[in-house]
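Notes to accompany the following structure.
Residue numbers (our numbering), protein chains in the order written: chain A, 53 to 169; chain B, 53 to 169.
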């Protein structure tokens with residue numbers, strides 16, 4: 053399917069951090085928008101996560117390593133590995149991917165769809 | 053892990069189409085560069101595939117639907133669904149993701165790593 057982001061309801065997972073998460077059977081994409089100064093706090097989950105920065109600059113910590121990434125730079129976060137992200141010097145946008153699908157985000161997406169006017 | 057694309061050996065999968073495929077346990081990323089006029093011929097595989105265009109314009113066919121996508125536009129290709137891609141109006145770059153990992157590309161990546169000087 054072709055993803056029309058306008059038809060995917062956004063979920064605010066942290067203040068100033070909005071994701072839209074279309075998904076299939078094995079994988080979930082996540083279009084992540086992080087406002088300047090906003091932070092995805094350190095967390096972990098059993099789902100493997102990959103991603104690429106689309107615009108802006110994103111400071112990313114995976115385990116005990118921190119780097120600042122720009123457009124086109126990619127990462128793979130192993131299952132159950134603590135990670136944190138923030139936008140530096142302005143707004144940052146990334147596309148993440150989860151495998152398996154994050155059922156929590158899928159449920160929130162479907163709930164938001166149902167709630168839409 | 054942070055992906056250093058310079059350390060991931062490229063694989064030419066069609067004339068003018070080069071991929072670099074870092075991978076984890078459940079997912080494989082694929083940094084795809086398609087030269088102008090080059091074509092990823094229609095094919096299918098049991099691996100689910102997602103992706104986002106990073107630069108340029110990519111004409112993508114999924115099943116019987118064709119669209120031309122620009123930067124930030126995303127897609128999810130269900131398992132075993134025929135698809136085709138080409139670069140239009142210049143070079144196109146995308147990041148694809150496969151789940152499960154494509155063992156054929158993993159083997160080619162490792163073989164290319166071993167062969168590197």
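The C-beta atom is built at its ideal place from N, Cα and C for all residues, glycine as well.
>> According to DSSP, is residue 137(A) part of a helix, a strand, or is it coil?
In response: strand
> Is DSSP giving residue 90(A) helix, strand or coil here?
Replying inline: Look at residue 90(A) here: in three-state DSSP terms it is coil, with no helix or strand label.
> So the beta strand (DSSP E) residue 117(B) belongs to, where does it begin and stop?
Replying inline: 117-121
>> Does the region 57-64 of chain B come into contact with the region 83-92 of chain A, if we say contact requires no fewer than three beta-carbon pairs (one atom in each stretch) closer than 8 Å?
In response: no
>> Quick check: the Cα distance between residue 95(B) and residue 140(A), rounded to an integer number of angstroms?
In response: 40 Å
> Which residues mark the beginning and the end of the beta strand (DSSP E) in which residue 157(B) is found?
Replying inline: Residue 157(B) -> not in any beta strand (DSSP E); alpha helix (DSSP H) instead, spanning 155-167.
> What's the gap between the Cα of residue 145(A) and the Cα of residue 112(A)?
Replying inline: 13 Å
> At a CB-CB cut-off below 9 Å, which residues of chain B make contact with residue 59(A)?
Replying inline: Simply none; closest approach about 12 Å.
> Considering only the beta carbon of each residue, do residue 147(B) and residue 74(A) sit closer than 8 Å?
Replying inline: no
> If we cut at 8 Å on Cβ distances, does residue 157(A) have a partner in chain B?
Replying inline: no
> Quick one: what does DSSP say residue 79(A) is sitting in, helix, strand or coil?
Replying inline: coil
> From residue 165(B) to residue 159(B), what does the alpha carbon distance come to, in whole angstroms?
Replying inline: 10 Å
> What whole-angstrom Cβ distance do residue 46(B) and residue 128(A) have, given they're in contact under 8 Å?
Replying inline: Since the first residue shown for chain B is 53 and the last is 169, residue 46(B) is missing from the structure and cannot be characterised.
> Which residues, taken in chain order from the region 128-160 of chain B, show a beta carbon closer than 9 Å to some beta carbon of chain A?
Replying inline: 128, 129, 130, 131, 145, 147, 149, 150, 151, 152
>> Quick check on the DSSP output: the beta strand (DSSP E) that includes residue 55(B) runs from which residue to which?
In response: Element bounds for residue 55(B): n/a, residue is neither H nor E.
> So residue 113(A) is in the beta strand (DSSP E); what residue range does that whole segment cover?
Replying inline: 110-114
> residue 124(A) by DSSP, collapsed to three states: which one?
Replying inline: Residue state for residue 124(A) is assigned as coil, using DSSP reduced to three classes.
> If the cut is a Cβ gap below 9 Å, which residues of chain B does residue 100(A) touch?
Replying inline: 76, 77, 78, 79, 151
> Who are the Cβ neighbours of residue 142(B) in its own chain at under 6 Å, not counting the five residues just before and after it?
Replying inline: 88, 108
> Is it the case that the Cβ atoms of residue 151(A) and residue 78(A) are separated by a distance below 8 Å?
Replying inline: yes
>> Quick check on residue 161(B): buried or exposed, where buried means 16 or more other Cβ atoms within 10 Å of its Cβ?
In response: Label assigned to residue 161(B): buried.
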